[in-house]
Amino acid sequence: MTGYGKSVLQLPTKKVTIELKSLNSKNLDLNARMPSIYREKELAIRKVLADKLVRGKVDFSIYVEATAEDTSSQINTPVVKQYIAQLKEVVDGDTTELLKMAVRFPDALNTIREEIDENEWHTIEAEIRKAIDDLVDYRLNEGKVLEQDFNARIRSIEDILDQVIAMDPERVEGVRERLLKGVTELKEKYDENRFEQELVYYIEKFDITEEKVRLKNHLNYFAESMKSNESNGKKLGFISQEMGREINTIGSKSNYAPMQQLVVQMKDELEKIKEQLLNVL
């Protein structure tokens, strides 16, 4: 969701700068700053931004810099002259000094409320859309980098999972040997059939076949979901949560140190994916 867009427009009497910044946020959090003359257009601007940007902490600003003789304030000449005349009755001073004093008095300046020139606004609105497009392009470029990173980490988790699958028979045999060793050390006679039954129950209890299959499916689903043209950051977040559940279950069931080390590696890769998902729209 991180992005930046800017557009500068030179009008006959002013320079208008439009700036957009976007950071990560679960929802759209829009802050708009603009001159009072454009406030009546704020709701329309917010709608365009919401439609285009969807989510993110967005700062939108319009800066106006006068570049010609264009001012909304004018000297109220009759009032200023009256002030000067009154001041001369009080003190005998230089006219320039009296003028400096007079323009500070109330009503010495008339402020004319500006009205939006609709033709001018259409031009500004087009520049706003350009700034939005710049921000969207920025997001897309960042998204391509994230996509490459996600694909690399998904492949890494798949490779580690393949190692887990290959190690599983060794793990089961290790469990069998530990149990047999424990029973043998008791130096007591035991029913071999009963032992085999208990062993099967124990191994089934710690069987990770379902978790391996589900994790594989989640990894494939994550990769497929990244190809969507629509906003799917939250969806990818949900899939990553499901991936985490399966990895945690494999770790808790493994009861085998070498496999648990592989589980830690998968958790590390998944945690890096989750961190970057905060920046996906």
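Heads up: the sequence shown begins at 12 in the working numbering, then just goes up one per residue. Glycine included, each C-beta is placed from N, C-alpha and C at the ideal position.
For residue i, does the count of other Cβ atoms within 10 angstroms reach 16, so buried, or fall short, so exposed?
{"i": "A142", "result": "buried"}
{"i": "L191", "result": "exposed"}
{"i": "G16", "result": "buried"}
{"i": "G104", "result": "exposed"}
{"i": "G193", "result": "exposed"}
{"i": "Y74", "result": "exposed"}
{"i": "R66", "result": "buried"}
{"i": "E280", "result": "buried"}
{"i": "R182", "result": "buried"}
{"i": "F249", "result": "exposed"}
{"i": "V274", "result": "buried"}
{"i": "R189", "result": "exposed"}
{"i": "L226", "result": "buried"}
{"i": "L172", "result": "buried"}
When you compare only the Cα positions, how much space is there between residue i and residue j?
{"i": "L151", "j": "T13", "result": "10 Å"}
{"i": "E129", "j": "Q85", "result": "24 Å"}
{"i": "V211", "j": "E257", "result": "23 Å"}
{"i": "L157", "j": "R205", "result": "54 Å"}
{"i": "V175", "j": "K238", "result": "28 Å"}
{"i": "L289", "j": "A119", "result": "55 Å"}
{"i": "E184", "j": "K246", "result": "39 Å"}
{"i": "V114", "j": "I95", "result": "9 Å"}
{"i": "L146", "j": "V69", "result": "10 Å"}
{"i": "Q276", "j": "Y149", "result": "32 Å"}
{"i": "E153", "j": "E282", "result": "19 Å"}
{"i": "R166", "j": "M178", "result": "18 Å"}
{"i": "A137", "j": "N231", "result": "42 Å"}
{"i": "S36", "j": "K285", "result": "14 Å"}
{"i": "T195", "j": "E207", "result": "14 Å"}
{"i": "L110", "j": "K99", "result": "11 Å"}
{"i": "V90", "j": "F116", "result": "9 Å"}
{"i": "P180", "j": "N162", "result": "29 Å"}
{"i": "Q272", "j": "R50", "result": "59 Å"}
{"i": "I219", "j": "K155", "result": "35 Å"}
{"i": "P46", "j": "D144", "result": "23 Å"}
{"i": "I214", "j": "G244", "result": "38 Å"}
{"i": "A55", "j": "N240", "result": "26 Å"}
Mind checking whether residue i and residue j have CB atoms under 8 Å apart?
{"i": "R57", "j": "L41", "result": "yes"}
{"i": "L20", "j": "V27", "result": "yes"}
{"i": "F217", "j": "K264", "result": "yes"}
{"i": "I48", "j": "I127", "result": "yes"}
{"i": "M254", "j": "H229", "result": "yes"}
{"i": "S242", "j": "L292", "result": "yes"}
{"i": "Q287", "j": "D160", "result": "yes"}
{"i": "R44", "j": "S72", "result": "yes"}
{"i": "L22", "j": "E131", "result": "yes"}
{"i": "N266", "j": "V186", "result": "yes"}
Could you pull the DSSP bridge partners for residue i from this structure?
{"i": "D338", "result": "This structure cannot speak to residue 338, because the chain is shown only from 12 to 292."}
{"i": "E215", "result": "DSSP lists no partner for E215."}
{"i": "L34", "result": "K68"}
{"i": "G14", "result": "S33"}
{"i": "E76", "result": "K26"}
{"i": "L20", "result": "V27"}
For residue i and residue j, which I take to be in contact (beta-carbon distance under 8 Å), what is that distance rounded to the nearest angstrom?
{"i": "I261", "j": "E222", "result": "5 Å"}
{"i": "A77", "j": "T24", "result": "7 Å"}
With 8 Å set as the bound, which would you pick, yes or no: does the beta-carbon of residue i sit closer than that to a beta-carbon of chain E?
{"i": "E126", "result": "Absent from the structure is chain E; it holds one protein chain and no more."}
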